[in-house]
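Those protein sequences? They're chains A and B, same order as listed. Going by this note's numbering, the first sequence opens with residue 3, and the numbers climb by one from there. Going by this note's numbering, the second sequence opens with residue 3, and the numbers climb by one from there. Heads up, the thing below is written out as structure tokens.
Protein chains: 2
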Amino acid sequence: MVTTSSAPGPVPLLGDPYRADCPTRRILDRIGDRWTVLVVGVLAEGDARFSQLARRVEGVSQKMLTQTLRGLERDGLVRRTVHPEVPVRVEYALTEAGRTLCEPLRALQEWAITHLEDVSASQRAHDEVA
Amino acid sequence: MVTTSSAPGPVPLLGDPYRADCPTRRILDRIGDRWTVLVVGVLAEGDARFSQLARRVEGVSQKMLTQTLRGLERDGLVRRTVHPEVPVRVEYALTEAGRTLCEPLRALQEWAITHLEDVSASQRAHDEVA
DNA sequence: CAGTATCCTCCTTGATACTG
DNA sequence: CAGTATCAAGGAGGATACTG
Numbered sequence: 003m004v005t006t007s008s009a010p011g012p013v014p015l016l017g018d019p020y021r022a023d024c025p026t027r028r029i030l031d032r033i034g035d036r037w038t039v040l041v042v043g044v045l046a047e048g049d050a051r052f053s054q055l056a057r058r059v060e061g062v063s064q065k066m067l068t069q070t071l072r073g074l075e076r077d078g079l080v081r082r083t084v085h086p087e088v089p090v091r092v093e094y095a096l097t098e099a100g101r102t103l104c105e106p107l108r109a110l111q112e113w114a115i116t117h118l119e120d121v122s123a124s125q126r127a128h129d130e131v132a
Numbered sequence: 003m004v005t006t007s008s009a010p011g012p013v014p015l016l017g018d019p020y021r022a023d024c025p026t027r028r029i030l031d032r033i034g035d036r037w038t039v040l041v042v043g044v045l046a047e048g049d050a051r052f053s054q055l056a057r058r059v060e061g062v063s064q065k066m067l068t069q070t071l072r073g074l075e076r077d078g079l080v081r082r083t084v085h086p087e088v089p090v091r092v093e094y095a096l097t098e099a100g101r102t103l104c105e106p107l108r109a110l111q112e113w114a115i116t117h118l119e120d121v122s123a124s125q126r127a128h129d130e131v132a
């Protein structure tokens, strides 16, 4: 027996063992940072230029926006297009893969909108006791 | 006009402006860390004791597991039950809210499994050029 | 405009030791 | 068994200055 994943039964969150290289950890490493999901979210509304993204994603620094976009480009989720005009214009757009990512992301967002109230209430109740 | 969110049209990732307190950032702050999603994933397979979780989530330290579980408990996503037996036994279980979170999480996981190959390929292609 | 290059500071995480 | 307490390290992220 090489792995211990032989148990069938109810495995709701997909049954691979939580190894360091499991798929869950790998997306988490990619999109679990402070800005990636936000940038994808803005691009889901339409292509945007660097400065537009910077304005839209409140609080992001130039450095982190660049870094985030480079990561997304490397992952094949975002396409970067340079228009060699006088003041150079750079447009960012989701690729097809990037668009598919929006669906699960949106599901998470809807969960947040639906349940965040309850979560906050739970926090308050919990902190009150303490 | 208080906000600038008046534009209708295609707003795929839900159209709230990306303020520092938008729902997306708030869940990200809660589940975007290294361990929370993993712990929820294990608990989605069934209730578990502290030591079971520690074994199942490879690489987690006692400290981080405790911290993660405390956070989930405070958020009302996990219920902690102490059985005052001889060596004390503590069981963790997802609450109803915790179970609802599994659905979007699982969607994300499926995306990962489906697309991670492509992402890796894109990375290799991208790095080759450089 | 759209970055790059540095420097610097927290903050998260990990390692270790101890306890009810 | 299931934690808590403390210390230390590393890296993510921010501020600032400079550039094609």
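Don't be surprised by glycine CBs; every beta carbon is placed ideally from N, CA and C. As the structure is a prediction and not an experimental result, all values here were calculated from the model.
Closer than 7 angstroms to chain A by CB, Val92(B): In the second sequence, counting from the first residue as 1, residue 92(B) sits at position 90. Closer than 7 angstroms: no.
Within-7 angstroms CB hit, Ser53(B) to chain A: If you number the second sequence from 1, residue 53(B) lands on position 51. No, Ser53(B) does not count as interfacial toward chain A.
With DSSP collapsed to three states, give me the class of Leu96(B). Taking the first residue of the second sequence as 1, we reach residue 96(B) at position 94. Here Leu96(B) sits in strand by DSSP.
The beta strand (DSSP E) that contains Arg76(B), what's its start and end? The count along the second sequence starts at 1 and reaches residue 76(B) at position 74. Element bounds for Arg76(B): not the beta strand (DSSP E) but the alpha helix (DSSP H), 64-76.
Per DSSP, what are the beta-bridge partners of Thr83(A) in this structure? Walking along the first sequence from the start, residue 83(A) turns up at place 81. Beta-bridge pairing links Thr83(A) to Glu93(A).
Close beta carbons around Leu103(B), own chain, < 7 angstroms, minus the five adjacent residues each side: If you number the second sequence from 1, residue 103(B) lands on position 101. Result list for Leu103(B): Val42, Leu79, in chain order.
Neighbouring residues, chain B, relative to Thr102(A) (Cβ below 9 angstroms): For the purposes of this step, residue 102(A) is identified with residue 100 of the first sequence, where counting begins at 1. Simply Trp113, Thr116, His117.
For the candidate residues Ala123(A), Glu87(A), Thr38(A), whose alpha-carbon lies nearest to that of Glu75(A)? On the first sequence, residue 75(A) is found 73 positions in, with the first residue counted as 1. Closest by alpha carbon: Thr38(A).
Gly100(B) versus Leu110(A), Ala99(A), Glu105(A), residue with shortest Cα-Cα distance: Looking up residue 100(B) in the second sequence gives position 98. Cα-wise, what sits closest to Gly100(B) is Leu110(A).
Environment of Pro89(A) [buried if 16+ CB atoms lie within 10 Å]: Along the first sequence, read from residue 1 onward, the residue named residue 89(A) stands at position 87. Classification of Pro89(A): exposed, given that the 10 Å Cβ count is below 16.
Rounded to the nearest angstrom, how far is the Cβ of Ala114(B) from that of Thr70(A), given a contact under 8 angstroms? In the second sequence, the residue the question calls residue 114(B) occupies position 112. In the first sequence, the residue the question calls residue 70(A) occupies position 68. Going by Cβ atoms, the distance from Ala114(B) to Thr70(A) rounds to 19 angstroms, so no, they are not a contact pair.
For the candidate residues Leu107(B), Arg57(B), His85(B), Arg32(B), whose alpha-carbon lies nearest to that of Arg72(B)? Mapped onto the second sequence, residue 72(B) falls at position 70. Answer by Cα proximity: Arg32(B).
Inter-stretch contact at 8 angstroms, needing at least 3 Cβ pairs: the region 89-98 of chain B / the region 43-51 of chain B: yes
Taking Cβ positions, are Ala22(B) and Glu60(A) nearer each other than 7 angstroms? Position 20 of the second sequence, counted from the start, is the residue given in the question as residue 22(B). Position 58 of the first sequence, counted from the start, is the residue given in the question as residue 60(A). In this structure, Glu60(A) lies closer than 7 angstroms to Ala22(B) by Cβ.
Under 7 angstroms between beta-carbons, which chain A residues line up against Arg28(B)? List them in chain order, please. Within the second sequence, the letter at position 26 stands for residue 28(B). Going along chain A in sequence order, the residues near Arg28(B) (Cβ under 7 angstroms) are Ala114, Leu118.
Let's test the definition: count the other Cβ atoms within 10 Å of the Cβ of Ala123(A) and tell me whether it reaches 16, buried, or not, exposed. Position 121 of the first sequence, counting from 1, holds the residue named residue 123(A). Answer is exposed; the Cβ neighbour count stays below 16.
Backbone secondary structure at Val88(A) - three-state DSSP: The sequence position of residue 88(A) within the first sequence is 86, counting from 1. Coil at Val88(A), not helix or strand.
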